[in-house]
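For reference, the structure discussed in these notes is given below.
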Amino acid sequence: MPHSIHTKNIAERMRWLAELGAEHSRIFASPEAYLQRRRYQAEHPTAILAFKCMDGRIHLPYITKTPLGIIQPFRNLGGAFDIGWPHLGELVTHEVLRAVEAGRRVLILVTYHHSRGERSRGCSGFDFDLEAARSSAFAFRRQLESVFGSDHQTVYPLVVGIETDEDALTLHWDRGTAIDLATFESADCDEADRCDELFFIRSGRVIAHGSGAELKFGGGQVLGKDAMDTVGSVAQYFSSDGKLILYACNIGGGQSRSFFQSLANRLGIQVCGFSNGVRWSVSWDARRRIIKRGIAPKPGDPIGGPLPEPDVCAKPKT
Ligand SMILES: [Zn+2]
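Per my numbering, residue 116 is the first one in the sequence shown, and the count goes up by one each step.
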């Protein structure tokens, strides 16, 4: 009987709990589990921190089928946190820096929990008030953004709802947009299009330069005959109807069409750019959506205007 422990007396329950702890500890410390963790981290380098309620039902490794010891937990009553608390800010910053200095990005799960079936199985830390629990999570996410930035290039704080009846997660982009994984498969992801829209990149603007054997993105570059293959490794992240626009690419001179074509073939998406006077570069203000400075494609083209529309597009040919 899996739940027979509930009918035992307190001494037996304590012994059972201690034995369970010892068993978990034995498994965790085994060479097999250690190697499995290391392998998992090598395959999935993003560090994961989770802020959650101390409620025993909130067991993220179990819910997400992640090996124990990967998700770094921070627990408190109700999963309510304030980055201004003595020591907490220091602790979180330390964890983030430790990961970042090892070249890893950081996903921070800011969780709240509730029960769909019965309000009283929700979070007692918030007096079973789902809205209050959720608001607290969003407030903490804002604090994390004020500390680690809101562009989310290195640290991504994600609000996650945990529904404990089904151990189902709800992922929140912002307060208005969320994916409820409990209903996701049947309702939303039956249609390939919908999955595509939610999970894959639809369009991108790349301030990049390249030719068949040389690609430069920002400060990085890929050189040599393998350049296209290297770029191809990101193909899986694009939606099948995705589109990429290259700015600041100077190949021009009749080569742009074949370059965009080979890139399109490799990525499996449409790749666009400029045929004429493509040798220009810009600094793009993503928030105001204007060019801050740069060399315009044609003399007299405005700085401070929107990015121009590309005139060469290549669709992938297999
Ligand atoms: Zn709770």
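Note that CB positions come from ideal geometry on N, CA and C, so glycine has one too.
Given the structure is predicted, the values throughout are model-derived calculations rather than measurements.
Which of helix, strand or coil does DSSP assign to Met116?
In this predicted model, Met116 has a pLDDT of only 45, less than 50, meaning its place in the structure is not dependable; the value taken from the coordinates is given anyway. Note: Met116 maps to coil in three-state DSSP.
Mapping DSSP to helix, strand and coil, what is Glu424? Glu424 carries a coil assignment under DSSP once its states are collapsed to helix, strand and coil.
Looking at Leu224 and Ile163, is the spacing between their C-beta atoms short of 8 Å?
Contact flag set, yes.
Option in Ser373, Lys123, Leu245, Arg320 with minimal Cα separation from Ala353: Looking at the sequence itself, residue 353 is Phe, so the reference to Ala does not match. Out of Ser373, Lys123, Leu245, Arg320, Arg320 has the C-alpha closest to the C-alpha of Phe353.
Practice prompt. Compare the C-alpha of Ile186 against each of Glu134, Lys167, Ile384 and name the closest.
Written response: Lys167
Notebook entry, point to check: Got a sec: is the Cβ-Cβ distance from Leu273 to anything in chain D below 8 Å?
Noted result: Looking for chain D here will not work: only one protein chain is present.
**Item:** Same chain, Cβ closer than 8 Å to Leu382, neighbours up to 5 away in sequence not counted
**Value:** Correct list, in chain order: Val346, Gly347, Val349, Ala350, Phe353, Gly357, Leu359, Pro431.
Is the closest heavy atom of ligand 1 to the C-beta of Gly240 under 7 Å? yes
request  = Give every residue of the same chain whose Cβ lies closer than 7 Å to the Cβ of Ala379, excluding the five residues on either side of it in the sequence, and list them in chain order.
outcome  = Answer for Ala379: Gln385, Val386, Ala429, Lys430, Pro431, listed in chain order.
CB contact flag (Thr226, Ala165, <8 Å) | yes
- May I ask you to check if the CB of His174 is nearer than 7 Å to at least one heavy atom of ligand 1? Checking every heavy atom of ligand 1 against the Cβ of His174, none is found closer than 7 Å.
**Q.** Opposing strand residues paired with Pro272 [DSSP bridges]
**A.** Ile223
* Asked: Excluding sequence positions up to five away, which residues of its chain have a Cβ less than 6 Å from the Cβ of Ala302?
  -> Note that Ala302 has pLDDT 46, beneath the 50 cutoff, so the model's placement of it is unreliable and the number below is only indicative. Same-chain partners within the cutoff: there are none.
Cα-Cα separation between Gly136 and Ser251, rounded to whole angstroms | Rounded to whole angstroms, the gap between the alpha carbons of Gly136 and Ser251 is 31 Å.
- request: Kindly provide the ranges of any alpha helix (DSSP H) runs that are 4 or more residues long and lie completely inside the region 124-205, ordered along the chain.
  value: 125-144, 146-158, 175-179
Review point. Leaving out the 5 sequence neighbours to the left and right, which residues in its chain are closer than 7 Å to Ile142 when beta-carbon positions are compared?
Key: Ala148
| said: Using 8 Å as the threshold, is the C-beta distance between Pro176 and Gln151 below it? | reply: no
Beta-carbon contacts of Ala297 that lie in its chain and below 7 Å, excluding the five residues immediately before and after: Glu278, Glu281, Ala283.
**Prompt:** Relative to the C-alpha of Asp289, which residue among Ala254, Gly264, Val270, Ser261 is closest?
**Reply:** That would be Ala254, whose Cα lies nearest to the Cα of Asp289.
Exercise for review: Put Gly392 into one of helix, strand or coil per three-state DSSP.
Suggested key: Note on Gly392: pLDDT 47, under 50, position unreliable in the model; the coordinate value appears next. Reduced to three states, the DSSP call for Gly392 is coil.
Please work out which residues of its chain come closer than 8 Å, Cβ to Cβ, to Gly218, disregarding the five sequence neighbours upstream and downstream, and give them in chain order. Pro160
Legend entry - ligand 1 heavy atom lying under 7 Å from the CB of Cys168: yes
>> Distance check for Val274 and His229, CA to CA, integer angstroms please.
In response: Cα-Cα distance, rounded: 14 Å.
Selected residue, minimal CA-CA separation from Gly264, among Asp295, Leu222, Phe189, Arg249:
Leu222
| Phe255, enclosing beta strand (DSSP E) - first and last residue | It is not in any beta strand (DSSP E) - Phe255 instead sits in the alpha helix (DSSP H) that spans 245-263.
- Using beta-carbon positions only, say whether Gly193 and Phe241 come within less than 8 Å of one another. yes
query: Buried or exposed: Leu212, going by 16 or more other Cβ atoms within 10 Å of its Cβ?
result: exposed
Practice task
Indicate, with yes or no, if ligand 1 has a heavy atom lying under 7 Å from the CB of Gly383.
Solution key: no
Host beta strand (DSSP E) of Leu353 (start-end): For clarity, residue 353 is Phe in the given sequence; the question names Leu instead. Segment 353-362, the beta strand (DSSP E) holding Phe353.
One or two residues paired with Asp295 in a DSSP bridge:
Thr285
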